[in-house]
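Read through the structure below, which is laid out as structure tokens, and then see the notes.
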Amino acid sequence: MKKIITVFTTFVLLITFVTSIQGQKKEFSIASFYANPVFPANLGSLQWVGDAGYFAYKTDSAIVKRGVKNDDIQVVVDKTTLNTLLEENGFEYKLRAIPNFKFTDQNTLFFTYSNQLFKYGIKDNTLALQLSYSADGENVEIEYTTMAAAYTIDDDLYIKKGDKEIRITHDGGNGIVNGKTVHRNEFGIEDGIFWSPKGNLLSFYRKDESMVSEYPLVDITTRIATVNYTRYPMAGMTSEEVTVGVYNIATGQTVFLETGMPTDQYLTNITWDPSENYIYIAVLNRGQDHMKLVKYDVKTGKPVKILFEEKNERYVEPEHGPVFFSGLKDQFLWYSERDGHNHLYLYDIEGNLLQQVTSGPWEVTEIAGYANDFLYYISTEESAIERHLYRINLQGKKKSKITLVKGTHNVIVHPKGTYVLDNYSNSDNIASEYALLTNKGKLAYVIAENIDPMAGFDMGETIISTMKTDDNTDLYYRMILPPGFDKTKKYPVFYYVYGGPHSQLVNDSWLGGSGLFLQEMAAKGYIVFTIDNRGTSYRGFDFESMIHRNLGSIEVEDQMKGVNYLKSLPYVDQERMALHGWSYGGFMTISMILKNPGIFKVAVAGGPVIDWKYYEVMYGERYMDTPEENPEGYKESNLLNHMKNLDARLLVIHGTIDPVVVWQNSLTFIDKSIKENKMVDYFVYPGHEHNVGGRDRLHLYRKIARYVEDYL
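Residue numbering for the sequence shown follows our numbering, beginning at 40 and increasing consecutively.
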């Protein structure tokens, strides 16, 4: 569930609207926002051009570059030139926009378009087709050293090199899947195809889910509704079996790594050794409390050595493989929460711990680079709700902070570590700004200035602060006040909740991390409130994992701290409080109204988990163990067992083909409400999965807003 985008966190930093009518402020709404969208600073394909002293990005009409010594913009190639070259080479189509691109050296860049890989020569202004692969290919991974593409067609894996297409697997289908993600995208898994560093070998996942129960998803677009099946391993049930294959381009042979028993373990974070002789896998047991980092010989498939192990009575969750840099010979960096916070450790390739590089009561969120004996990383050291770039040597000394503007920073460090491309936003109305910094944090120049996305709209104040739990832990909250706020009046509340692992709704980014719909609700006159409870991320392992085996308990307790705070404010109308959440937030919404009746008058729960025994193995068992191991935890978190307390006006929403939180969850809730004579309103989005997307999202916003307005 960690990778599911909740309903109000999409496209906040992408689309903005700027308007002014003779100096008068206009009431904000998503409809007016969409009427004439304008994009803030967004430099697509931003990258350093090798280790040269300039960087490149794309505009609407060209690929441009700029130097570190001056900010002159030079056009590398424009769209008109590319289309002319395409026509001269016999291609009938034209580029509608500048595609994403990749520089491989200072004079060469590549881009893909219409399942074809093109090479553009900058010096001689030439365009050449390098590779054409099947239009049916999915999950495409390009290898630029050998000019090859790996991809899947249906459930089999293929390679295209030159004019030759090679089918690597022949067993796909009927529950066998090759070259795609596994373990339902948990453990940081995003891909199923992994090229070796020099492109001579290709490793891939093979998943056998033929033994996993098929779950029906009903398609109503056919005259006679048809059933499509997805393999859905529920907590405690039979899970998939995953193996890792290594295909040798030269020999045409595939070797499968001997990952051993039991077969329902998790093979996570596949990482190639720079030598191409070994692969590292973080092997995790099904109980998710014991991880082994194993080194495998790719020629024989045999395990060479268990480099080290990590155990925790709650869970271990590897999300990053070993991180290699050319300047670290026979050494790698490893992320671990072993000391209670996510930090970096330096190992040699024999598994010897050389140094804990970072430490402290804060989290490393990303390794940004390594150059000239310094490691660059992003962390929460300044504040749990900010992200800043630091550098430190591998002995854990000579640390310095590079990004100095408060807020959330995303960076690209120069390969030599001399400069940093910095894109940042904050709650002080910086939606997106790009700057070039030195490695000491000095501003060289602003690459793209911030535009006030809300200029012309009448916006309320956004407050970010903290409150204490009973054990004196700080919880961050965000409160959006209505425009023209008057503390002598009373206002209704729109309380938005998520509350699950791998989430942080309150942060120091534009609008405080809120989405446009929350801003619209504030514009309608609501106090909009959100708090990140214990169980959410970036506050240390204990903070997040204390929900283990008892989902919906501590989280609800913390959320009620927020409720009590609101009730203490003289300008809050305690009789008019509405609650909403989606996914884990849907589970939390129903949990809060059932476990604390009489507080909220109206609630809207989208895509809610009702009974965790209906949720999938990988996420569900990490936080709840199996139903057999934790019967009391499953009983207490099962919302059907609390139906008798329902006293709020409740709307439940679900997508009819949701493959994440299956429809069965909310249907069982409706069935239980009928049996207990409780009134629940229900709305479905036919043909939608876990999130209502596309043009129907506006309908969803209107549905939620109108329901709250009608009954609050």
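Idealized CB from N, CA, C, for every residue including glycine.
Let me know the secondary structure DSSP gives K528 once reduced to three states. coil
Residues in the same chain with beta-carbon distance under 6 Å from K200, minus the five sequence neighbours each way, listed in chain order, please. A187
According to DSSP, is S548 helix, strand or coil? Three-state result, S548: coil.
Mark M718 as exposed unless 16 or more other C-beta atoms lie within 10 angstroms of its C-beta, in which case mark it buried. exposed
Is it buried or exposed for L385, if we count other Cβ within 10 angstroms and need 16 for buried? Taking all protein chains shown into account, L385 has 16 or more neighbouring C-beta atoms within 10 Å of its C-beta and is therefore buried.
If you follow the alpha helix (DSSP H) that S792 is in, where does it begin and where does it stop? One cannot answer for residue 792 here, as it falls past the ends of the chain, which runs 40 to 751.
Quick check: what's the CA-CA separation for K640 versus K652? 29 Å
Can you list, in chain order, the residues of its chain with a C-beta nearer than 6 Å to that of M330? Leave out the 5 residues immediately preceding and following it. A321, L323, E349, V355, P357
DSSP puts G519 in a beta bridge; with which residues? According to the sequence displayed, residue 519 carries Ile and not Gly. For I519, which the question treats as bridged, DSSP gives the partners T501, V567.
Quick one: using the 10 Å Cβ neighbour count with 16 as the cut-off for buried, is Y73 buried or exposed? exposed
If you reduce the DSSP assignment to three classes, tell me which class G733 lands in. coil
Measure the C-alpha to C-alpha separation of E180 and G366 and round it to an integer number of angstroms. 26 Å
In its own chain, which residues sit with a C-beta less than 7 Å from the C-beta of G408, not counting the 5 before and 5 after it? Y415, V452, G456
Taking 8 Å as the limit between beta carbons, can you name the residues of its chain near E352, skipping five residues before and five after? Around E352, the same chain offers D328 as residues with beta carbons nearer than 8 Å, after the five sequence neighbours per side are excluded.
Hey, which unbroken runs of the beta strand (DSSP E) at 3 residues or more fall wholly within the region 98-168? 101-106, 113-117, 140-144, 147-151, 155-160
Starting from the N-terminal side, write out each stretch of the beta strand (DSSP E) that is 3 residues or longer and does not extend beyond the region 619-666. 641-645
Let me confirm a value: F295 is counted as buried when at least 16 other C-beta atoms fall within 10 Å, else exposed. Which label applies? exposed
For the candidate residues D195, A487, T120, whose alpha-carbon lies nearest to that of G83? It is A487.
Reference N465, options R517, G446, N572, closest by Cα: Among R517, G446, N572, the Cα nearest to that of N465 belongs to G446.
Nearest to D509 by alpha carbon, out of L475, N572, P698? N572
Considering Cα atoms alone, identify which of K437, D117, T185 is closest to Y159. Minimum Cα distance to Y159 is reached at D117.
For M300, count neighbouring C-beta atoms within 10 Å of its own C-beta (all shown protein chains included) and say buried if the count is 16 or more, exposed if not. exposed
For M493, which option in L476, M518, D467, R736 has the closest C-alpha, if you only look at C-alpha atoms? D467
Tell me I181's beta-bridge partners as DSSP assigns them. A188
Would I44 be called buried (16 or more neighbouring beta carbons within 10 Å of its own) or exposed? Any reading at I44 must be qualified, since the residue scores a pLDDT of 39, below 50, and its modelled position is unreliable; the value itself is stated next. Exposed, by the Cβ-count rule.
Could you pull out every residue in the same chain whose Cβ sits closer than 6 Å to the Cβ of N449, ignoring the five residues on either side in sequence? N462
By the three-class DSSP mapping on this structure, what secondary structure does H738 have? helix
CA-to-CA distance, V333 to N308, given in whole angstroms: 11 Å
Count the CB pairs spanning the region 238-252 and the region 209-220 that are closer than 8 Å, and state whether there are at least three. yes
For a quick check, are the C-beta atoms of V362 and I406 less than 8 Å apart? yes
Continuous alpha helix (DSSP H) stretch holding K334: start and end: No alpha helix (DSSP H) contains K334, which is instead part of the beta strand (DSSP E) from 329-336.
Measure the alpha-carbon distance for L383 versus Q395 and round it to whole angstroms. For the pair L383 and Q395, the Cα-to-Cα distance works out to about 6 Å.
Beta-ladder partner(s) of R573, from DSSP: T575
I'd like to check one pair, G390 with L433: are the Cβ atoms closer than 8 Å? no
Can you tell me the Cα-Cα spacing of D303 and Y197, whole angstroms? 26 Å
For R105, which option in Q703, V567, P521, V485 has the closest C-alpha, if you only look at C-alpha atoms? For the residues Q703, V567, P521, V485, the minimum Cα distance to R105 belongs to V485.
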